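Chemist: There's a structure below that I have some questions on.
Number of protein chains: 2
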Amino acid sequence: MNLEEVARLAGVSRSTVSRVLNRDPRVSDVARERVQTVVREHHYHPNAAARSLASRRTRILGLLIPQAVGSVFSDSFFPTLIQGVAEGCTTADHDLSLLLDTSGDHRAVDRLYHRVIRGRHVDGVVIASNLVDDPIVARLQDDRFPSVLIGRDPQGRSSFVDADNRQAARDAVAHLIGHGRRRIATIAGPANMIAAIDRFGGYVTALQEAGRLPDPALTIHADFTRPGGYRAMMALLPHRPDAVFAASDAMATGALQALGEAGLRVPDDVALIGFDGLDGDMLAQGSLSTMVQPVADLGRQAVRTLLRLVEMPDQAPIQVLFPATMVLRGSCGCTDVCPLDDRRADEASIGRERTVEAIAS
Amino acid sequence: MNLEEVARLAGVSRSTVSRVLNRDPRVSDVARERVQTVVREHHYHPNAAARSLASRRTRILGLLIPQAVGSVFSDSFFPTLIQGVAEGCTTADHDLSLLLDTSGDHRAVDRLYHRVIRGRHVDGVVIASNLVDDPIVARLQDDRFPSVLIGRDPQGRSSFVDADNRQAARDAVAHLIGHGRRRIATIAGPANMIAAIDRFGGYVTALQEAGRLPDPALTIHADFTRPGGYRAMMALLPHRPDAVFAASDAMATGALQALGEAGLRVPDDVALIGFDGLDGDMLAQGSLSTMVQPVADLGRQAVRTLLRLVEMPDQAPIQVLFPATMVLRGSCGCTDVCPLDDRRADEASIGRERTVEAIAS
DNA sequence: TTGTAAGCGTTATCAT
DNA sequence: ATGATAACGCTTACAA
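First to last, the sequence lines map onto chains Z and U. One rule links them: number in this note's numbering = place in the first sequence (from 1) + 1296. One rule links them: number in this note's numbering = place in the second sequence (from 1) + 1296.
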């Protein structure tokens, strides 16, 4: 069953059927009705390849995840992001092509890139690279291929969707200050990841706004993992912090363990606040206060943004930041615990994002 | 840049270029060389849509995950599976289209199904449904659309790739028996999931082979989650088991917690063995013995199997089982702990799978 | 509002 | 071994 046959059965021309299929208003009601009936009765669906060839649009969006080694999937960031992107695609009636670099091989990504981009397998790509300066981003810019980053672009050249990491970190630390904490440490993330940089920036800002100078001894960098957080906390202990802002929940959990082993009470001796809100289990069962970022929303919004770029190739970069949601449990020192679960937090953030004009580095 | 232009620059016809691109041997070495040079110099890649339209093959495989609600991604099963499938596709020079049902809505899956299958968006689908009787499977059979299940099909009608859950469970329980345990309980999974059924079957078989009758009081069903395992273990405690086979690591972890709270020592008072080997963290840090299933291999093999079905539409169902790998840590009662990590276990299973002739229900 | 006809960039079937 | 040429199933000016 194809367009031609539908046209024949409906007693109209192929053009008319095509118009009905593409919601072209220039069709009479009777004709539309007749076509739709035939389509429904024969379960007709247009052939994707023919459509793509003629329209020069594939209606497929790519989700590119470079360096998708096993460890990348250790928490639910990527799974949740994938879900968000998939939802966005479904909503927009597009397909989602998953472009994973499982090999970690530089040349493999190159081949994938050329095959998919130059072969027009997709109309655009969402890029989930956490590296601050991924060469693939520059290449897409040069090729003028529609793309949206998940995660802020420090250069500000490309379109992106991100959580407002800096603001969220600032809020978190301000909250600890509000609890009367004096020696607030931070377990920061890797210095080559923009999210880590922004979260550290927010930490510094909050201290400065309170008229304090960040003590270098109270900053330590780790790798976003639980063991990393454990070691970082061990290293911080001699400097006697009375609060810790961990740039990820995984690190916060490691810190929690280290504090426990050192015989320190949370929050009595040391208050603790994390970042991410990914692991529902950890949030639901534990008492960790954290900044929840709306990861699924990031994915959905990235698709919407990408489609605008696809439709308007000369569109200037679109940059969107989503606020994080503060979820207060016991670990930060709050006695009045907020029962908000991360799912509600996630939904609540829709419509609260803001488009960024210019990003101060 | 298109085929025609390449042909012009190489001084040959379009047909010859097409043959070179498709590795047709009927091309002279000089012609091939000339074409390849032009292709390389101009970074030419064939247009996917045109290719699909003419060849009636999209070179895209779908990965269908019904009911991909948040909880599905709570452990790394699906992420790992996705990675395996993605690797398989890359190896075979195919694209991967992710078909997630994020809504859970029945009608949404229907629309997706028709759009993708009838619109020929993909050449075939890998289906990751854990339900024992998913209607979508029957529909694909009826439409004679190439598909491979991840997880055994009890009816034996469709092609599938799975871990040999029954054999693995049998080995695990036999191992506990070998440790001299007398009252071996099991925390089984949901009765509508084939993996849970098979693992329970293996438990029963092992006991029977040892000349024992399974005590109904020592079997309890849970939902594969950690809290579920915790509650199940609590319910088992009054019956004083001296060993527990948990059908998932998440449930085993919950059981571990319950045992700890009850003041029982593992493995001294109660030996414990889990199933999955997914969470690298849990395996590396904890002392949980478990049956590791090669999830990424399942995905890779599913792709290979699916491609055979795509190429030979009248192929009889292909059914493959992979052995699980026993990883012994302290919890089962072994003193001589095996330091095998799950990555090595995963690799080791390649080539050890077997094709199933007939599956005994 | 509707129809006609010319592509879209390949593959595949023939000859040669 | 190579080259014409006709599909493949749709979109999209352009004409009516």
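Where a beta carbon is used, it is the ideal one built from N, C-alpha and C, also for glycine. In this text, all values refer to a predicted model and were calculated from it rather than measured experimentally.
Check each candidate in L1395(U), N1318(U) and R1319(U) and name the one with the smallest Cα separation from I1356(U).
Modeler: Nearest option by C-alpha distance: L1395(U).
Chemist: State yes or no: is the beta carbon of E1383(Z) nearer than 7 Å to at least one beta carbon in chain U?
Modeler: It does: the Cβ of E1383(Z) has a partner Cβ on chain U nearer than 7 Å.
Chemist: Output, in sequence order along the chain, the residues in the segment 1334 to 1350 of chain Z whose CB is closer than 9 Å to any CB in chain U.
Modeler: The residues in question are H1339, Y1340, H1341, P1342, N1343, A1344, A1345, A1346, R1347, S1348, L1349 and A1350.
Chemist: Is DSSP giving S1351(U) helix, strand or coil here?
Modeler: Reduced to three states, the DSSP call for S1351(U) is helix.
Chemist: Is it the case that the Cβ atoms of R1596(Z) and L1617(Z) are separated by a distance below 7 Å?
Modeler: In this structure, L1617(Z) does not lie closer than 7 Å to R1596(Z) by Cβ.
Chemist: Between which two residues does the alpha helix (DSSP H) carrying H1402(U) extend?
Modeler: Element bounds for H1402(U): H1402 to Y1409.
Chemist: Listed from N- to C-terminal order along the chain, which residues in the segment 1393 to 1405 of chain U have their beta-carbon within a distance smaller than 7 Å of any beta-carbon of chain Z?
Modeler: Flagged, chain order: S1393, L1394, L1396 and T1398.
Chemist: Which first and last residues belong to the beta strand (DSSP E) in which D1391(U) is found?
Modeler: D1391 to L1396 is the extent of the beta strand (DSSP E) around D1391(U).
Chemist: Please tell me whether L1349(Z) and A1464(U) are closer than 7 Å, where the distance is taken between their beta carbons.
Modeler: Not closer than 7 Å, so no.
Chemist: Considering Q1504(Z), what are the terminal residues of the alpha helix (DSSP H) in which it resides?
Modeler: Looking at the DSSP string, the run of the alpha helix (DSSP H) that includes Q1504(Z) is I1490 to E1505.
Chemist: I want to know whether the segment 1565 to 1574 of chain Z touches the segment 1529 to 1549 of chain Z - three or more CB-CB distances under 8 Å.
Modeler: Segments in contact, yes.
Chemist: Determine the contact status of G1476(U) and A1567(U), defining contact as a CB-CB distance below 7 Å.
Modeler: Result no, Cβ atoms of G1476(U) and A1567(U) do not sit closer than 7 Å.
Chemist: So with CB distances below 7 Å, who are the chain U contacts of P1537(Z)?
Modeler: What P1537(Z) touches in chain U: nothing, since even the nearest Cβ is about 25 Å away.
Chemist: Decide if the segment 1505 to 1519 of chain U is in contact with the segment 1439 to 1453 of chain U; the criterion is three or more beta carbon pairs, one per stretch, under 8 Å apart.
Modeler: No, the segment 1505 to 1519 of chain U is not in contact with the segment 1439 to 1453 of chain U.
Chemist: Determine whether the Cβ of P1362(U) lies closer than 7 Å to any Cβ atom of chain Z.
Modeler: Output row for P1362(U): interface = no.
Chemist: Which chain Z residues are close to D1391(U), counting only those with a beta carbon under 7 Å from its beta carbon?
Modeler: What D1391(U) touches in chain Z: S1393 and H1417.
Chemist: Among L1533(Z), S1309(Z) and V1334(Z), which residue has its Cα nearest to the Cα of V1323(Z)?
Modeler: Cα-wise, what sits closest to V1323(Z) is S1309(Z).
Chemist: Looking only at C-alpha atoms, which of I1493(U), I1480(U), A1484(U) and L1436(U) sits nearest to D1511(U)?
Modeler: Of the candidates I1493(U), I1480(U), A1484(U) and L1436(U), the one whose C-alpha sits nearest the C-alpha of D1511(U) is I1480(U).
Chemist: State the Cα-Cα distance for the pair V1599(U) and D1320(U), rounded to the nearest angstrom.
Modeler: Rounded to whole angstroms, V1599(U) to D1320(U) spans 24 Å at the Cα level.
Chemist: Just to confirm before moving on: does the CB-CB distance between S1425(U) and P1362(U) stay below 7 Å?
Modeler: For S1425(U) and P1362(U), yes; Cβs fall inside 7 Å.
Chemist: With burial defined as no fewer than 16 other Cβ atoms inside 10 Å of the residue's Cβ, what is the status of E1337(Z): buried or exposed?
Modeler: Burial call: exposed.
Chemist: I need the DSSP call for H1339(U), collapsed to helix, strand or coil.
Modeler: Of the three classes helix, strand and coil, the one that applies to H1339(U) here is coil, per DSSP.
Chemist: Do we get a CB-CB distance below 7 Å when we pair R1411(Z) with the residues of chain U?
Modeler: So, interface residue.
Chemist: Considering only residues of the same chain and omitting the five flanking positions on each side of T1386(U), which have a CB-CB separation below 7 Å?
Modeler: Taken in chain order, the list of residues that qualify is empty.
Chemist: Taking Cβ to Cβ, would you say H1535(Z) is nearer than 7 Å to A1484(Z)?
Modeler: Their beta carbons are not under 7 Å apart, which means H1535(Z) does not touch A1484(Z) by this criterion.
Chemist: Any C-beta of chain Z sitting closer than 7 Å to the C-beta of R1600(U)?
Modeler: Judged by the 7 Å Cβ criterion, R1600(U) is not in contact with chain Z.
Chemist: What are the complete beta strand (DSSP E) segments, minimum 3 residues, inside the segment 1595 to 1629 of chain U?
Modeler: If we require 3 residues or more, the beta strand (DSSP E) runs fully inside the segment 1595 to 1629 of chain U come out as 1615 to 1618 and 1621 to 1623.
Chemist: Using three-state DSSP, classify L1445(Z) as helix, strand or coil.
Modeler: Here L1445(Z) sits in strand by DSSP.
Chemist: Going by DSSP, name the residue or residues bridged to S1585(U).
Modeler: For S1585(U), which the question treats as bridged, DSSP gives the partners I1569(U).
Chemist: Mind reading off the beta-carbon distance from T1601(U) to V1433(U)? Whole number of angstroms is fine, and I expect it under 8 Å.
Modeler: About 15 Å separates the two Cβ atoms, so there is no contact after all.
Chemist: What is the DSSP secondary structure of S1314(U), reduced to helix, strand or coil?
Modeler: Correct three-state label for S1314(U): helix.
Chemist: Name the chain Z residues that come within less than 8 Å of R1414(U), Cβ to Cβ?
Modeler: Within 8 Å Cβ-Cβ: H1339, Y1340 and H1341.
Chemist: Less than 6 Å between C-beta atoms, sequence neighbours within five positions excluded: which residues of the same chain meet that for A1554(Z)?
Modeler: Result list for A1554(Z): Y1526, M1529 and M1530, in chain order.
Chemist: Express the C-alpha separation of G1400(U) and A1382(Z) in angstroms, rounding to a whole number.
Modeler: So the alpha carbons of these two residues sit roughly 13 Å apart.
Chemist: In chain order, what are the residue ranges of uninterrupted alpha helix (DSSP H) at least 4 long that sit wholly in the segment 1507 to 1578 of chain Z?
Modeler: With a minimum length of 4 residues, the continuous alpha helix (DSSP H) runs that stay inside the segment 1507 to 1578 of chain Z are 1522 to 1532 and 1545 to 1557.
Chemist: Which residues of the segment 1455 to 1480 of chain U have a Cβ closer than 7 Å to any Cβ of chain Z? Give them in chain order.
Modeler: Answer in chain order: no residues at all.
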